[in-house]
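Visitor:
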Amino acid sequence: MSFDPKIIGFLCNWCSYRGADLAGTSRVKYAPNVRVIRVMCSGRVNEILILKAITAGADGVLVSGCHPGDCHYVKGNLNAMRRIIGIKPFLGAMGIEPDRLRLEWISASEGPKVAETFNSFTEKINQLGPSQLNKSHNCSND
Amino acid sequence: MEDIKIGVYICHCGLNIADVVDVEEVAKYAATLPAVAVSRNYKFMCSDPGQSMIKEDIKELGLNRIVVASCSPLMHEPTFRHAIQEAGVNPYLFEMANIREHCSWTTEDHKDATEKAKALVSAAVRRVYYHQPLEIREVPVNPNTLIIGGGIAGIQAALEIADSEHKVYLVERDPSIGGHMSQFDKTFPTLDCSACILTPKMTSVGMHPYIELMTYSEVEEISGFVGSFKAKIREKARYVDEDKCNGCGVCITKCPWKAASEFDMGLGERKAIYTPFAQAVPNIPVIDTEHCAYFLKGKCRACEKFCELGAIDFEQVDQIVEIEIGNIIVATGYDSFDPTPITQYGYGKLDNVYTGLEFERICNAVGPTNGKIVLKDGSEPKSVAILHCVGSRDENYHEYCSRVCCMYALKYSHLIKERTGAEVYQMYIDMRCFGKAYEEFYKRLCEEGVNFIRGKASEVTDRAINEDEEGKLIVCGEDTLLCKIIRVPVDMVILATALEPRADAAEVGKLLTISRSADGFFLERHPKLDPVATMTDGVFIAGCCQGPKDIPDTVAQASAAAARVLALISKGRVELEAATAVIDEEKCSGCRICNLLCPYSAISYIEDEKVSRINEALCKGCGTCVAACPSGAITHKQFTTEEITAEIEGVLI
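Keeping their order, the protein sequence lines are chains A and B.
Just so you know, the first sequence maps onto residues -18 to 123 in this note's numbering.
Just so you know, the second sequence maps onto residues 7 to 659 in this note's numbering.
(1) Count the other CB atoms, across all protein chains shown, that sit within 10 Å of the CB of Ile500 of chain B; report buried if there are 16 or more and exposed otherwise.
(2) Does Cys550 of chain B come out as helix, strand or coil in the three-state DSSP assignment?
(3) Please tell me whether Gly233 of chain B and Asn70 of chain B are closer than 9 Å, where the distance is taken between their beta carbons.
(4) Determine the chain A residues that contact Gly233 of chain B at a beta-carbon separation under 9 Å, and present them in chain order.
(5) Let me make sure I understand the geometry here. Which of B:Gly483, B:Gly212, B:Cys309 has the alpha-carbon closest to that of Cys254 of chain B?
(6) Measure the alpha-carbon distance for Glu314 of chain B versus Arg307 of chain B and round it to whole angstroms.
(7) So with Cβ pairs under 9 Å, would you call Asn148 of chain B a contact of chain A?
(8) With 8 Å as the limit, tell me which residues of the segment 93 to 114 of chain A have their beta carbon closer than that to any beta carbon of chain B; keep them in chain order.
(9) Show which residues of chain A have a CB atom less than 8 Å away from the CB atom of Lys516 of chain B.
(10) If you count every other CB in all the chains shown that lies within 10 Å of the CB of Asp536 of chain B, and 16 or more means buried, which is it?
(11) If I measure Cβ to Cβ from Asp247 of chain B and keep anything under 7 Å in the same chain, skipping five residues before and after, which residues do I get?
(12) When you compare only the Cα positions, how much space is there between Tyr414 of chain B and Ala163 of chain B?
(13) Excluding sequence positions up to five away, which residues of its chain have a Cβ less than 8 Å from the Cβ of Pro288 of chain B?
(14) Taking 9 Å as the CB-CB cut-off, is Leu664 of chain B touching chain A?
(15) Starting from the beta carbon of Trp86 of chain A, find every residue of chain B whose beta carbon is closer than 9 Å, and list them in chain order.
(16) Met541 of chain B touches chain A at which residues, Cβ-Cβ below 7 Å?
(17) Any idea which residues DSSP pairs Gly41 of chain A with across the strands?
(18) Given that a residue counts as buried once 16 or more other Cβ atoms are within 10 Å of its Cβ, and exposed if not, what is Gly94 of chain B?
(19) Can you grab the Cα-Cα spacing for the pair Glu328 of chain B / Leu517 of chain B, in whole Å?
(20) Going by beta-carbon coordinates alone, are Gly50 of chain A and Pro605 of chain B separated by less than 9 Å?
(21) Residues of the segment 6 to 25 of chain A in Cβ contact with chain B at a cutoff of 8 Å, in chain order, please.
(22) At the level of alpha carbons, what is the spacing between Tyr11 of chain A and Val32 of chain B?
(23) On the DSSP letters alone, give me the boundaries of the alpha helix (DSSP H) that His116 of chain B sits inside.
(24) Out of curiosity, what's the CA-to-CA distance linking Cys47 of chain A and Gly397 of chain B?
(25) Which of the three DSSP states is assigned to Asn119 of chain A in this structure?
(26) Alpha carbons only, please: which of B:Ile16, B:Arg87, B:Glu622 is nearest the one belonging to Ala103 of chain B?
(27) Assuming the contact rule is C-beta atoms closer than 8 Å, Ala608 of chain B and Asn621 of chain B should be a hit. Round their C-beta distance to whole Å, please.
(28) Can you check which of these residues, A:Leu82, A:Pro111, A:Cys22, is closest to Val55 of chain A by C-alpha distance?
(29) On the three-state DSSP scale, how would you describe Glu218 of chain B?
(30) So Val430 of chain B and Val410 of chain B are supposed to be a Cβ contact under 8 Å. How far apart are they, rounded?
(31) Can you list, in chain order, the residues of its chain with a C-beta nearer than 6 Å to that of Lys(-13) of chain A? Leave out the 5 residues immediately preceding and following it.
(32) Would Cys670 of chain B pass as a contact of Lys192 of chain B if the rule is Cβ separation under 9 Å?
(33) Is it right to say Pro195 of chain B is buried, meaning 16 or more other beta carbons lie within 10 angstroms of its own, or is it exposed?
(34) Do you know offhand how far Cys120 of chain A's Cα is from Ile77 of chain A's?
(35) How would you label Thr486 of chain B, buried or exposed, when you count the other beta carbons within 10 angstroms and need 16 or more for buried?
(36) Check whether the segment 509 to 529 of chain B touches the segment 546 to 554 of chain B, taking contact to mean three or more Cβ pairs, one atom from each stretch, closer than 8 Å.
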């Protein structure tokens, strides 16, 4: 099946976005599917943004923030975690596989982890196939 | 509403982007996007001609939104914001697409990279369409500075700032300032006496009219933001009245109770009332309640009886002092690696196996042996082995190189040869003598007849296999230049132990909201171009808390941190985050969810009006309240739902 997943990555400005910058500076190669949207804190990402991403056709949504305890804004990342836990069953009820939403903690010094995360998540979405809301794909297995 | 005219500029970044991404194609594609008036590509957008290109287009074409697709916004966003501001456009009507760090440098396939670059540009264009001009707020900078840590880094930074007649609070956890440098005997490669060069600086700190020295104190809480921080500092009870004590030391002489001296790494003893060392600043003793008979058993009070000034005060309690400062320098230093877990080196089990810092005390004239290099039994060693990289360059402990061990090993070799004439063996992996006059020092030691053996020691044992080894410590390993397994019998072994992050570095990091790198040291804002700033504005780092370094580098970094603080003080005001959150009081239902979520208590509930309101001076723009508001009443400026949605749609082309 030829499928080129479109994945949105919400990365916090202080840890994960810098981690992704470090991956770049270190010339670590990874799958090009994750497109990064910078937010100041992972705690800014709510149900609305996640659902907007999915309804706009994203096959996967990654939210990444600072490790617990390292949040630049003290605890915004923990709010993100609670929201993600809360929204997953809701996605399931909508017929969207909950695995299409993933939360990761990536610090500014974890360039290689950015690559690993982007690669493994792309791989996971590849396995799941296109999201049923992704209108741009003519799924060959339909 | 005015017509939106967007200018898009695709940067080649030399070949960094253009080698992988088809910049022409991306620029052509950008020209087709809605509201784009002009789309260009250029070799270096950040250069003067690049910036001029944008400015001229703003003037000639009437552009009112700008997108630059180049490197990370964390690198050049300020550059371009400044440029468009000069051309009369609000700096927030700007967006960057990161097509270098997030695209050309990380994508193997050129076609994939070009497609990704298009998506990122499309996202930026769609997003910038919704950008609104924001007002840059400025607040005054409190000219006082807090320096945490009174080692050489903290001392240097404190003196630099205080000499400009700005107040410094220097907080030190121990009873005296001086840090590790005060424990050293000599300093490499000049063999300067450490105390001789440090104590004048310590004295200057103690006497400086602009330095408020807070020793035996710890920072408990930090709040606020650059320009106006507040700190709570716990001044631990010394049980000695600082105003009355004149440092005569009679109390120490008369105290009958002893404990292991931390300053002498446990090799010597101190009294229960003590100053850590003779040149301590301030020269005021403290009572160690864990070893003082009065605190343990309720009687003794010998110190009190003999103190003619009545300075002993058993009733003293910890004081919490609140101070207001504009900037903070963190100079908390390092811990010396404890080699006990490396059982094969016998530290803690075999006599005469010492860590680097312990040997430093043995060499020191006021150390436990009065500067005589002797074995446990009091005799002089005839041979000494120094094992390099104990805890550093070792994937089981620390992968990094501690940078100073090779040099201090050379220094010890010299001191041992000079004072005892003993044979010295150094077992090293690589000799790293990189600093000014360091290589020359290495050469000098080669000429002094030190035996350099390339190979990491595998074991230190007392199990002799022949007569020569009887009663000795045998260092086993491989001489990798001779390709030979060797056993070197010696009298004393010094482990060149690593420098590691402070055990409480994680807590200190949280206290100041500064991050740490993978090795556990505090993370600088940029590894090359901003090595003293942190991600938190107004918090700077200096010395070994940022990574292992020698004294010259520590002093240089401390001066750099001081210069950064002085720049802010001298400007007198600082720009604050404009991308804050604001509540639409028409929509606010007064549920107060945001009040509880805000980590800075920036949102308060206005009882009379039954709505919540954000104090913009306190808001740091994280957006957590925006995400949580059930009424959608809160807008996150520069990160509005509209803007992020446009970005989502743009990136999914």
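Virtual Cβ for every residue (Gly too), placed ideally from N, Cα, C.
Being a predicted model, the structure only gives us computed values, none of them experimental.
Guide: Concretely, from the data shown:
(1) Burial call: buried.
(2) Of the three classes helix, strand and coil, the one that applies to Cys550 of chain B here is helix, per DSSP.
(3) Result no, Cβ atoms of Gly233 of chain B and Asn70 of chain B do not sit closer than 9 Å.
(4) Within 9 Å Cβ-Cβ: nothing; Gly233 of chain B doesn't reach chain A, min ~18 Å.
(5) When each option's Cα is compared against that of Cys254 of chain B, the closest is B:Cys309.
(6) 13 Å
(7) no
(8) Ala96
(9) Gly50, Asp51
(10) With a 10 Å radius around the Cβ and a threshold of 16 neighbouring Cβ atoms, Asp536 of chain B comes out exposed.
(11) Ala317, Asp319
(12) 25 Å
(13) If we look at Pro288 of chain B and ignore the five residues flanking it on each side, its Cβ neighbours are Ser182, Gly212, Leu219, Thr221, Glu248, Gly253.
(14) Look at the range of chain B in this structure, 7 to 659, and you will see that residue 664 of chain B is not part of it.
(15) By Cβ distance, chain B contributes nothing, its closest Cβ being about 12 Å from Trp86 of chain A, past 9 Å.
(16) Trp(-5), His53
(17) A:Ile(-12)
(18) It is exposed - the Cβ of Gly94 of chain B has fewer than 16 other Cβ atoms within 10 Å.
(19) 15 Å
(20) no
(21) Residues of the segment 6 to 25 of chain A that bring their beta carbon within less than 8 Å of a beta carbon in chain B comprise Thr6, Arg8, Val9, Lys10, Tyr11, Pro13, Arg16, Val17, Ile18, Arg19, Val20, Met21, Cys22, Gly24, Arg25, in sequence order.
(22) 21 Å
(23) 116 to 134
(24) 28 Å
(25) Because the pLDDT of Asn119 of chain A is 47, which lies under 50, any placement of that residue in the model is unreliable, and the question is left without a value.
(26) Out of B:Ile16, B:Arg87, B:Glu622, B:Ile16 has the C-alpha closest to the C-alpha of Ala103 of chain B.
(27) 5 Å
(28) Closest option to Val55 of chain A, Cα to Cα, is A:Cys22.
(29) strand
(30) Actually they do not touch by this definition, with Cβ atoms about 18 Å apart.
(31) Ala39, Asp40
(32) With chain B represented from 7 up to 659, any question about residue 670 of chain B goes unanswered, as that position is not in the structure.
(33) buried
(34) For Cys120 of chain A, the predicted model reports a pLDDT of 47, less than 50, meaning its position is unreliable; a value from the coordinates is still stated below. Straight-line Cα distance between these residues: approximately 16 Å.
(35) When all chains shown are included, Thr486 of chain B counts as exposed.
(36) yes
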